[in-house]
Each structure stands twice: as C-alpha cells, then as structure tokens.
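Visitor:
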Amino acid sequence: MIDLYYAPTPNTWKASIMLEECGLPYRVIPVDILAGDQKKPDFLAINPNGRIPAIVDHNTPEGPLAVFESGAILIYLAEKTGRFLAPSGRARFDALGWLMWQMGGLGPIAGQAHHFRRYAPAGNDYSADRFVTETTRLYGVLDERLRTNEWLAGADYSIADMACWGWVWYHRMHGQNLDDFPAVARWFPAMAERPAVQRGRLLGIEDQPEEIRVRTQGPYYGANGPAPGAD
Ligand SMILES: N[C@@H](CCC(=O)N[C@@H](CS)C(=O)NCC(=O)O)C(=O)O
246 MIDLYYAPTP NTWKASIMLE ECGLPYRVIP VDILAGDQKK PDFLAINPNG
296 RIPAIVDHNT PEGPLAVFES GAILIYLAEK TGRFLAPSGR ARFDALGWLM
346 WQMGGLGPIA GQAHHFRRYA PAGNDYSADR FVTETTRLYG VLDERLRTNE
396 WLAGADYSIA DMACWGWVWY HRMHGQNLDD FPAVARWFPA MAERPAVQRG
446 RLLGIEDQPE EIRVRTQGPY YGANGPAPGA D
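When we follow the numbering used here, the leftmost residue of the sequence shown carries the number 246, and every step to the right adds one.
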C-alpha cells in the first residue's frame, strides 16, 4: 500500500494522476495546507521541506520508503511499475528533460504569476508583469514542443505530461489564454479526457471549500472557470 499525502493542487495532482494511471492501490492522507499540517513534525519526518505531495511506499524490500518532491514521486512510480517513462534512450531523456523543465520553470514561475496577480498588495505591478511575461514565454516553449510532438516525450504519453498538465489547468490564473497556444489547446483536453486524469484531479474534491470546488470542476478550467480578471 502507498500513502499519498494530499490536497488537490497542481503539484499533488501529478501523484494522484500517476497512481490512477498505474492502477496502484493507495490510501489518501489529507493534508490541510491552509491549517499548516505540512509544517508539523510528523509530516516533516516524511518531507523535510514541509510541502505536498509526498508518498510513503510500505511495499519495498527496505521497509517503508518516503519520497518527496513531485518530480521524484513521478520517477519513483514510473520505475516501480515500468510505465510512462521509457527505460532508456531519447524518449526517456526527453521525458526527464520536460519533467525538469516543469519542476524548475513552469511550476515555480507560473506559481509566482498566480501569486502576484491574485494575492499581492497594490504596488507590485513590476513583479506581476515579470512573472506573467516569463510564464507566457514558457507556454510558448510548451506550444512549440507540442506542435510537432503528440506528447511531450514524443509519441507516447509520459510522466512529463502529467507534470505539466495540472499547471496548465490554471492557465487563466497565470494570465494566459489557450487560444494563443493552439498546440497546448490540442494537448490539454486530450489529457483532460483520460479517465485516470479525471479521477486524479477530482480526488478529495468533495471535502474542499466552494472556491476550490468551482475551480476544479470539469470538463476543464479553461471552459468553466471564472473569467480572466475574476480569478
Ligand atoms: N517542488 C515541490 C513543490 C511543492 C509545493 O509547493 N506544494 C504546495 C502545494 S502545490 C504546498 O505544499 N504548499 C504549502 C506550503 O507552501 O506550505 C514539488 O513539486 O513537490
């Protein structure tokens, strides 16, 4: 059995989607990040960085194994199951390259764009513009890749797609319009329609406040989310 420390967010969806795609048995351990559960000693023993997601795999030869950082969790589950990451060669390193691009670029930068657009006090226009401009550039990089490749690692759906997708779900919060990125607009619903992606995204949603439920309901945020400016 695998324990998944979870609340519905773009980073934790990577793990819930992968667990669903692989059909692995898992148990959800809800983490209330607004209440600060992720900074408590029990959780810090699993992830010293105090953030979700994290997993604990109880079925390993070494005994219970904790894995933190969503990218490491995706690689761990891919290697455990032999799925969604090629064992060698170009497809493997394309997937790992795009996974690292998401972890080091799209996630942190789009997260800052969201923060400065939505939460920062007045007077932070420079920061908001800087992060939205860089997010736009990153969406352009994603679009260019998907213009000539069905999936990020090439012909096959992989953990790289799972890493990026939850972030693109919130494109309106990043100040982006998918009409400007036609290849992303093709890829995004193709993945949204996968049953495992829907199960992973909707995991635990019934326990969330209304604001989060609205943003997480389908078929996808671009269609049903609040209008730009209202988000
Ligand atoms: N690089 C980390 C980022 C994790 C992260 O930022 N998680 C957010 C939720 S999406 C969180 O735990 N926020 C609560 C906090 O910052 O205390 C990963 O990819 O796992």
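For every residue, glycine included, the Cβ atom is placed at its ideal position computed from N, Cα and C.
Kindly identify the DSSP beta-bridge partner or partners of Leu310.
Guide: Within the sequence shown, numbered from 1, the residue matching residue 310 stands at position 65. BP columns for Leu310 point to Asp302.
Visitor: Determine the direct distance from the alpha carbon of Ile354 to that of Asp339, and round the result to whole angstroms.
Guide: The residue you call residue 339 lines up with position 94 of the sequence shown. The residue you call residue 354 lines up with position 109 of the sequence shown. Rounded to whole angstroms, Asp339 to Ile354 spans 21 Å at the Cα level.
Visitor: Using 10 angstroms around the beta-carbon of Asn392, count the other beta-carbons present and answer buried if the total reaches 16, otherwise exposed.
Guide: Counting from one through the sequence shown, the residue named residue 392 turns up at place 147. Here residue 392 turns out to be Arg, not Asn, going by the sequence shown. The residue is exposed, with fewer than 16 neighbouring Cβ atoms inside 10 Å.
Visitor: The alpha helix (DSSP H) spanning Leu322 covers which residue range?
Guide: Here residue 322 refers to the residue found at position 77 of the sequence shown. Start and end: Ser315 to Thr326.
Visitor: Does the count of Cβ pairs from the region 360-379 and the region 398-413 closer than 8 Å reach three?
Guide: Taking 8 Å as the limit for Cβ pairs, the verdict is that the region 398-413 does not touch the region 360-379.
Visitor: Is Ala311 closer than 7 Å to Ile291 when the C-beta atoms are compared?
Guide: Here residue 291 is taken as the residue at index 46 of the sequence shown, counted from 1. Here residue 311 is taken as the residue at index 66 of the sequence shown, counted from 1. Yes. Within cutoff.
Visitor: Rounded to the nearest angstrom, what separates Ile450 and Pro253 at their Cα positions?
Guide: Numbered from its first residue, the sequence shown carries residue 450 at position 205. Numbered from its first residue, the sequence shown carries residue 253 at position 8. If I take the Cα positions, the gap works out to 7 Å.
Visitor: Name, in chain order, the residues that DSSP records as bridge partners for Tyr251.
Guide: The residue you call residue 251 lines up with position 6 of the sequence shown. Its beta-bridge partners are Pro275.
Visitor: Looking only at its own chain, which residues have a Cβ that is under 8 Å from the Cβ of Asp277, when we skip the five neighbours before and after it?
Guide: Indexing the sequence shown from 1 puts residue 277 at position 32. The residues are Ala252.
Visitor: So, is Arg296 buried or exposed, given that buried needs 16 or more other C-beta atoms within 10 angstroms?
Guide: Position 51 of the sequence shown, counting from 1, holds the residue named residue 296. Buried, because 16 or more other Cβ atoms sit within 10 Å of the Cβ of Arg296.
Visitor: Below 6 Å, is the gap between the Cβ of Asn369 and the nearest heavy atom of ligand 1?
Guide: Mapped onto the sequence shown, residue 369 falls at position 124. Asn369 Cβ: outside cutoff for every heavy atom of ligand 1.
Visitor: Under a three-way DSSP split, which group does Gly352 fall into?
Guide: Locating residue 352 in the sequence shown gives position 107, counting from the first residue. Three-state result, Gly352: helix.
Visitor: When the Cα atoms are used, what is the spatial distance from Leu330 to Asn422?
Guide: One-based indexing of the sequence shown puts residue 330 at position 85. One-based indexing of the sequence shown puts residue 422 at position 177. The straight-line gap from Cα to Cα measures roughly 30 Å.
Visitor: Assuming the contact rule is C-beta atoms closer than 8 Å, Thr257 and Pro309 should be a hit. Round their C-beta distance to whole Å, please.
Guide: The count along the sequence shown starts at 1 and reaches residue 257 at position 12. The count along the sequence shown starts at 1 and reaches residue 309 at position 64. Contact flag wrong, Cβ pair sits at about 20 Å.
Visitor: Is any non-hydrogen atom of ligand 1 found closer than 6 Å to the C-beta of Thr254, if you look at the structure I gave you?
Guide: Along the sequence shown, read from residue 1 onward, the residue named residue 254 stands at position 9. Indeed, a heavy atom of ligand 1 lies less than 6 Å from the Cβ.
Visitor: Taking its Cβ as the centre, do 16 or more other Cβ atoms sit within 10 Å of Met246, making it buried, or is it exposed?
Guide: The count along the sequence shown starts at 1 and reaches residue 246 at position 1. Exposed.
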